[in-house]
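Here the structure is laid out as structure tokens; the discussion comes afterwards.
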Amino acid sequence: MTHRERFIKTLKCEPIGGQVPTFELVFFLTMEAFGKVHPSHRAYYQWKQMSRSEQTLHMNEMAQLYVDTAKKYDHSAIFIHPNPGDFESTQWLLELIREKSGNEYYIMMHGDPTWAIPDGDSMFDFSDQMYEEPEKLNEQSQQRMENMLEFARKLDSRGHLLDGFTLCSDYCFNVNPFFSPDKFEELIVPYLKGVIDGYREMGYYTIKHTDGNIMPIVKQMAYCKPDAIHSLDPQGGVSIPEVRRLIGDDIALIGNVNCGLLQTGTDEECRADVLRSLQQGMERGFGYVFSTSNCAYTGLALERYEMMIDIWRKYGSYDHYAENFGK
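Following numbering that gives the first Met the number 0, the numbering of the sequence shown begins with 0 at its first residue and continues without gaps.
Take a look at the structure:
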């Protein structure tokens, strides 16, 4: 099977045997790994002033960087960050990645219309509006959802280059969700479920991402039926066995390697946590994608990420799990 085929079967919670798939929502360490700036860190305020040949060089380098990252670390999926981000450049980037890699990799991008934790400048006003004018927030959510579904339909009409959307609105702090379960039901669930249903009708898969403590709202997230939940943040008290107990076996799980330990822990602590994640993720024999509990972010040591990947390569196989795990 290709990486893409293995990833899709995992999202469908079908047994695959062999190596557990892996990927990162973002791999920001491209400067250390390849000597090149990550696509999302490039300033494109001069994009419209560039000649077509300059734009072509930029787009080709970005597409190649995504493919090179997947090849180097055996990622099964590529999450793109369209830059400058308009429809035509996004289509162009997808075409280039497919041209360079064929159908080897599952390709996804952000597509979440739901509200996330507001920033510090708007948190007070947003919190007030949640209780005083929730209908206005819902009107905006409805429009955002329709806009994203229209974008997906337009992409689909140009050829099914994208495999799915990752819904990246963060709902939770480490201690608890920003939204109470009641407010989550009122302001998030209708539009999360609506956009997932809409994408599915077009043949797209969905992964719901949020960091932090999702446990008070994880059943509501599962009700919306994403194909997978990411990132299962242990710093927010999230464990794979407990999530599985609460939501069953029909939704794939992604992540759970403690990013905090990868950055600040000892090698021994990191190794133990990676092995724990693999053990708990592979326990059922299907429906698990190995990754960090956030992303390979700026400031994380490349050698720590590569140590994590080396452990996964050695122990992250369903076929050899029973005899090799923990040795």
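Where is the CB? At the ideal position from N, CA and C, for every residue including glycine.
Within the same chain, show all residues whose beta-carbon is closer than 7 Å to that of residue i, passing over the 5 residues directly before and after it, in chain order.
i       : result
Met-220 : Lys-207, Ile-213 and Ile-228
Lys-8   : Ile-15
Glu-94  : Leu-160
Leu-92  : Met-58, Met-61, Ala-62, Ile-79 and Pro-81
Look at the alpha carbon of residue i and the alpha carbon of residue j, and state the distance between them as a whole number of angstroms.
i       : j       : result
Lys-70  : Ser-52  : 27 Å
Gln-366 : Asn-102 : Past the edges of the chain, shown from 0 to 326, lies residue 366, and the structure says nothing about it.
Phe-6   : Ser-100 : 15 Å
Phe-86  : Phe-150 : 8 Å
Leu-64  : Thr-29  : 8 Å
Gln-142 : Asp-318 : 47 Å
Tyr-268 : Ile-310 : According to the sequence shown, residue 268 is Glu rather than Tyr. Cα-Cα distance, rounded: 13 Å.
Phe-27  : Asn-137 : 34 Å
Ser-238 : Asn-173 : 13 Å
Asp-124 : Glu-131 : 10 Å
Ser-50  : Leu-56  : 10 Å
Please tell me whether residue i and residue j are closer than 8 Å, where the distance is taken between their beta carbons.
i       : j       : result
Lys-218 : Leu-245 : yes
Ile-250 : Ser-290 : no
Met-129 : Lys-182 : yes
Thr-209 : Asp-169 : yes
Ile-79  : Met-58  : no
Pro-112 : Met-144 : yes
Ser-230 : Asn-293 : yes
Cys-167 : Gly-211 : no
Identify, in the order they occur along the chain, each residue of the same chain with its Cβ nearer than 6 Å to the Cβ of residue i, setting aside the five sequence neighbours on each side.
i       : result
Lys-326 : Any reading at Lys-326 must be qualified, since the residue scores a pLDDT of 42, below 50, and its modelled position is unreliable; no value is offered.
Quick one, which of the options has its alpha-carbon nearest residue i's?
i       : options                               : result
Ala-62  : Arg-97, Asp-73 and Ser-75             : Arg-97
Pro-372 : Asn-146, Pro-117, Ser-39 and Ala-115  : Within the shown structure, residues of the chain are numbered from 0 to 326, placing residue 372 beyond reach of any answer.
Asp-155 : Val-174, Gln-54 and Gln-90            : Gln-90
Leu-24  : Thr-1, Tyr-296, Ile-308 and Leu-301   : Tyr-296
Leu-274 : Gly-259, Phe-285, Gln-262 and Asn-255 : Asn-255
For residue i, I'd like the list of residues in its chain whose CB is within less than 8 Å of its CB, leaving aside the five on either flank, ordered along the chain.
i       : result
Gly-315 : Gln-18, Val-19, Thr-21, Leu-277, Met-281 and Phe-289
Tyr-42  : The displayed chain sequence assigns Ala, not Tyr, to residue 42. Around Ala-42: no qualifying Cβ.
Asp-226 : Leu-10, Lys-11, Gly-163, Tyr-204, Thr-205, Ile-206, Ile-250 and Ala-251
Arg-283 : Arg-243 and Asp-248
Between the stretch 68-82 and the stretch 102-112, are three or more C-beta pairs nearer than 8 Å?
In this structure the stretch 68-82 touches the stretch 102-112; the number of beta carbon pairs closer than 8 Å is three or more.
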